[in-house]
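Engineer:
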Amino acid sequence: MDLNSFQIEYSPKAIGNKLGKHFVYSPHYLHGKKWIHYAEVCTWLGALRYAQTVKDKELIQMLKERFDRLLAKEQKYLPPKKHVDLNIFGCLALELYQVSKDKKYLELGLSYADSQWKLPKDANTEQKEWERKGYSWQTRLWIDDMFMITILQSQAYRVTGDNKYIDRTAKEMVYYLDELQRENGMFYHAPDVPYFWARGNGWMAAGMTELLKNLPKNHPERKRIMAGYTKMMTFLKENQGRDGMWRQLVDQSDCWSETSGSAMFAYTIITGIKEGWLNKMEYTPTARKAWLALVSYINGEGDVTEVCVGTNKKNDKQYYYDRPRSVGDYHGQAPYLWCVTALLEEIK
Numbered sequence: 000m001d002l003n004s005f006q007i008e009y010s011p012k013a014i015g016n017k018l019g020k021h022f023v024y025s026p027h028y029l030h031g032k033k034w035i036h037y038a039e040v041c042t043w044l045g046a047l048r049y050a051q052t053v054k055d056k057e058l059i060q061m062l063k064e065r066f067d068r069l070l071a072k073e074q075k076y077l078p079p080k081k082h083v084d085l086n087i088f089g090c091l092a093l094e095l096y097q098v099s100k101d102k103k104y105l106e107l108g109l110s111y112a113d114s115q116w117k118l119p120k121d122a123n124t125e126q127k128e129w130e131r132k133g134y135s136w137q138t139r140l141w142i143d144d145m146f147m148i149t150i151l152q153s154q155a156y157r158v159t160g161d162n163k164y165i166d167r168t169a170k171e172m173v174y175y176l177d178e179l180q181r182e183n184g185m186f187y188h189a190p191d192v193p194y195f196w197a198r199g200n201g202w203m204a205a206g207m208t209e210l211l212k213n214l215p216k217n218h219p220e221r222k223r224i225m226a227g228y229t230k231m232m233t234f235l236k237e238n239q240g241r242d243g244m245w246r247q248l249v250d251q252s253d254c255w256s257e258t259s260g261s262a263m264f265a266y267t268i269i270t271g272i273k274e275g276w277l278n279k280m281e282y283t284p285t286a287r288k289a290w291l292a293l294v295s296y297i298n299g300e301g302d303v304t305e306v307c308v309g310t311n312k313k314n315d316k317q318y319y320y321d322r323p324r325s326v327g328d329y330h331g332q333a334p335y336l337w338c339v340t341a342l343l344e345e346i347k
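Going by numbering that gives the first Met the number 0, the final residue of the sequence shown carries number 347, and the count climbs one at a time with no gaps.
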């Protein structure tokens with residue numbers, strides 16, 4: 000059993016091509032009906048990384064042209080630099096810089112990364128306190144943040160080599176680990192919301208994965224972050240559903256199987272195997288079972304089904320059970336593309 004041999008209907012390249020091309024021709028998903036939504040950014044990033052992995056120059060060009068329209072006639076959709084969910088947009092510009100070496104993408108991306116640690120003039124007392132402690136003023140202790148912040152700062156580190164980006168996001172990650180990770184390895188949605196919501200935990204898992212891929216081997220925070228990652232992966236392996244999926248509330252067996260969180264978990268496990276962080280023999284069955292299950296949730300149009308809609312924190316267990324399920328939501332399309340790229344990458 001391995002992660003290289005799949006029947007054609009489960010082929011990562013076939014799925015990546017289907018979802019990547021589908022994204023190119025899909026409309027924008029706007030935050031507050033105004034700005035590019037973080038879920039679209041994550042899907043776009045996933046499609047671009049897939050295209051680079053398979054060297055699909057046509058898809059790369061189409062994704063680039065979609066972005067360039069934002070710098071021309073669609074400038075009104077550019078997110079302002081005022082919230083963790085908006086600043087993540089910069090990671091996409093930085094990925095395009097790595098593809099094209101066009102400095103306009105570099106300058107745009109770094110402006111989002113730098114502003115995440117630059118206190119705005121209208122900052123409130125809480126934001127000033129975060130800044131005083133050396134954390135991003137956008138800190139709020141929602142687990143979602145640990146992808147939004149880490150992907151942006153890690154990308155900035157990748158393109159500049161400037162340690163400030165990786166140091167500050169590592170410090171931020173350790174703080175979230177200390178505050179939100181429970182003994183079983185999973186994370187509360189927030190300190191006052193004691194539930195293990197799948198996609199929220201998926202953001203956390205993916206954030207640790209992105210950070211560990213970029214964090215220098217001798218970095219002082221690497222051991223702590225790796226410990227948090229492996230603790231979480233142990234829980235996920237032991238609590239995967241018989242169907243290969245994970246539940247909307249991952250510790251509640253009567254909850255429905257949710258695709259976005261499951262795909263994020265699959266991505267982190269696949270990457271862990273490929274990077275050598277996880278035992279190949281022990282975790283490959285989990286990753287393979289998850290991928291086979293996930294593909295069955297893609298409909299004929301290339302839309303992922305059973306995706307939990309955008310979800311704010313709420314200290315109400317039933318709230319998570321009752322969240323509506325969406326089809327084709329970018330929250331779900333994105334991690335499927337991440338899985339594709341991870342499956343296609345070589346084992347180190």
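Backbone N, C-alpha and C fix where the C-beta goes; we use that ideal spot for every residue, glycine too.
To the nearest angstrom, how far is it from the Cα of S252 to the Cα of L105?
Structural biologist: Here residue 252 is taken as the residue at index 253 of the sequence shown, counted from 1. Here residue 105 is taken as the residue at index 106 of the sequence shown, counted from 1. Rounded to whole angstroms, S252 to L105 spans 45 Å at the Cα level.
Engineer: What does F186 pair with, by DSSP beta-bridge criteria?
Structural biologist: Position 187 of the sequence shown, counted from the start, is the residue given in the question as residue 186. Answer is Q180.
Engineer: Take D242 as the anchor and find which of S295, N86 and S259 has the nearest alpha-carbon.
Structural biologist: Counting from one through the sequence shown, the residue named residue 242 turns up at place 243. Here the closest residue by C-alpha is S295.
Engineer: Using 8 Å as the threshold, is the C-beta distance between N86 and Q115 below it?
Structural biologist: Here residue 86 is taken as the residue at index 87 of the sequence shown, counted from 1. Here residue 115 is taken as the residue at index 116 of the sequence shown, counted from 1. Contact flag set, yes.
Engineer: Alpha carbon to alpha carbon, how far is M244 from L293? Give it in angstroms, no decimals.
Structural biologist: Here residue 293 corresponds to residue number 294 of the sequence shown, with the count starting at 1. Here residue 244 corresponds to residue number 245 of the sequence shown, with the count starting at 1. Those two C-alpha atoms are separated by around 7 Å.
Engineer: Let me know if V326 comes out buried or exposed under the rule of 16 or more other beta-carbons within 10 Å of its beta-carbon.
Structural biologist: Counting from one through the sequence shown, the residue named residue 326 turns up at place 327. By the neighbour-count rule (16 or more Cβ atoms within 10 Å), V326 is not buried but exposed.
Engineer: Helix, strand or coil: how does DSSP classify C90 here?
Structural biologist: For the purposes of this step, residue 90 is taken as the residue at position 91 of the sequence shown. Correct three-state label for C90: helix.
Engineer: Please confirm whether G201 and S259 have their CB atoms less than 8 Å apart.
Structural biologist: Taking the first residue of the sequence shown as position 1, residue 201 is located at position 202. Taking the first residue of the sequence shown as position 1, residue 259 is located at position 260. Contact: yes.
Engineer: According to DSSP, what are the bridge partners of H30?
Structural biologist: Within the sequence shown, the letter at position 31 stands for residue 30. Per DSSP, W34.
Engineer: Could you spell out where the alpha helix (DSSP H) holding I59 opens and where it closes?
Structural biologist: Here residue 59 corresponds to residue number 60 of the sequence shown, with the count starting at 1. From DSSP, the alpha helix (DSSP H) with I59 extends over K56 to L69.
Engineer: What are the boundary residues of the alpha helix (DSSP H) that M225 is part of?
Structural biologist: Counting from 1 along the sequence shown, the entry for residue 225 is found at position 226. Segment R221 to E237, the alpha helix (DSSP H) holding M225.
Engineer: Since L93 and F66 are thought to touch, with beta carbons under 8 Å apart, how far apart are those beta carbons, to the nearest angstrom?
Structural biologist: For this step, residue 93 is matched to residue 94 along the sequence shown. For this step, residue 66 is matched to residue 67 along the sequence shown. About 12 Å separates the two Cβ atoms, so there is no contact after all.
Engineer: Report the residue from F195, E171 and V40 whose alpha carbon sits nearest the alpha carbon of K132.
Structural biologist: Reading the sequence shown from its first residue, position 133 is the one you call residue 132. It is E171 whose Cα lies nearest to the Cα of K132.
Engineer: Go ahead and label P334 buried or exposed: buried means 16 or more other beta carbons lie within 10 angstroms of its beta carbon, across all protein chains shown.
Structural biologist: By 1-based counting over the sequence shown, the position of residue 334 is 335. Counting Cβ neighbours within 10 Å, P334 comes out buried, since at least 16 surround it.
Engineer: At the level of alpha carbons, what is the spacing between Y266 and G199?
Structural biologist: Counted from its first residue, the sequence shown places residue 266 at position 267. Counted from its first residue, the sequence shown places residue 199 at position 200. The straight-line gap from Cα to Cα measures roughly 14 Å.
Engineer: Taking only three categories from DSSP, how would you classify L44?
Structural biologist: Along the sequence shown, read from residue 1 onward, the residue named residue 44 stands at position 45. Three-state result, L44: helix.
Engineer: Decide yes or no for the touch test of the segment 206-226 against the segment 161-176: beta carbon pairs closer than 8 Å, at least 3 of them.
Structural biologist: yes
Engineer: When the Cα atoms are used, what is the spatial distance from C338 to K117?
Structural biologist: Taking the first residue of the sequence shown as position 1, residue 338 is located at position 339. Taking the first residue of the sequence shown as position 1, residue 117 is located at position 118. Looking at the two C-alpha atoms, the distance is approximately 33 Å.
Engineer: I'd like to know if the segment 302-321 and the segment 171-184 are in contact, where contact means that at least 3 CB-CB pairs between them fall below 8 Å.
Structural biologist: no
Engineer: Under 8 Å: do the segment 42-50 and the segment 19-30 share three or more Cβ pairs, one atom per stretch?
Structural biologist: yes
Engineer: Just how far apart, CA to CA, sit K102 and G89?
Structural biologist: Counting from one through the sequence shown, the residue named residue 102 turns up at place 103. Counting from one through the sequence shown, the residue named residue 89 turns up at place 90. Rounded to the nearest angstrom, the two C-alpha atoms are 13 Å apart.
Engineer: Across which residues does DSSP place W196 in a beta bridge pair?
Structural biologist: Here residue 196 refers to the residue found at position 197 of the sequence shown. W196 is bridged to L248.
Engineer: Any idea what DSSP makes of V53, helix, strand or coil?
Structural biologist: Sequence index remark: in the sequence shown, residue 53 carries index 54 (1-based). In this structure, V53 counts as coil in the three-state DSSP scheme.
Engineer: Answer with buried or exposed for S99, where buried requires no fewer than 16 other C-beta atoms within 10 angstroms of its C-beta.
Structural biologist: Locating residue 99 in the sequence shown gives position 100, counting from the first residue. Flag for S99 reads exposed.
Engineer: If you check the beta carbons only, do W290 and L342 fall under 8 Å apart?
Structural biologist: Mapped onto the sequence shown, residue 290 falls at position 291. Mapped onto the sequence shown, residue 342 falls at position 343. Yes, Cβ-Cβ distance for W290 and L342 is below 8 Å.
Engineer: Taking the alpha carbon of E8 as the reference point, which residue from I297, A122 and M231 has its own alpha carbon closest?
Structural biologist: For the purposes of this step, residue 8 is taken as residue 9 along the sequence shown, with counting starting at 1. Comparing Cα positions, the closest option is I297.
Engineer: Using DSSP with H/G/I as helix, E/B as strand and the rest coil, what is I297?
Structural biologist: The residue you call residue 297 lines up with position 298 of the sequence shown. Of the three classes helix, strand and coil, the one that applies to I297 here is strand, per DSSP.
Engineer: Could you have a look at V326 and say whether DSSP puts it in helix, strand or coil?
Structural biologist: Locating residue 326 in the sequence shown gives position 327, counting from the first residue. In this structure, V326 counts as coil in the three-state DSSP scheme.
Engineer: May I have the straight-line CA-CA distance separating K316 from Y194, to the nearest angstrom?
Structural biologist: Here residue 316 is taken as the residue at index 317 of the sequence shown, counted from 1. Here residue 194 is taken as the residue at index 195 of the sequence shown, counted from 1. Rounded to the nearest angstrom, the two C-alpha atoms are 7 Å apart.
Engineer: Are there 16 or more other CB atoms within 10 angstroms of the CB of I224, so buried, or fewer, so exposed?
Structural biologist: Numbered from its first residue, the sequence shown carries residue 224 at position 225. Buried.
Engineer: Rounded to the nearest angstrom, what separates R287 and E39 at their Cα positions?
Structural biologist: Here the question's residue 287 lines up with position 288 in the sequence shown. Here the question's residue 39 lines up with position 40 in the sequence shown. Between R287 and E39, the C-alpha separation is close to 26 Å.
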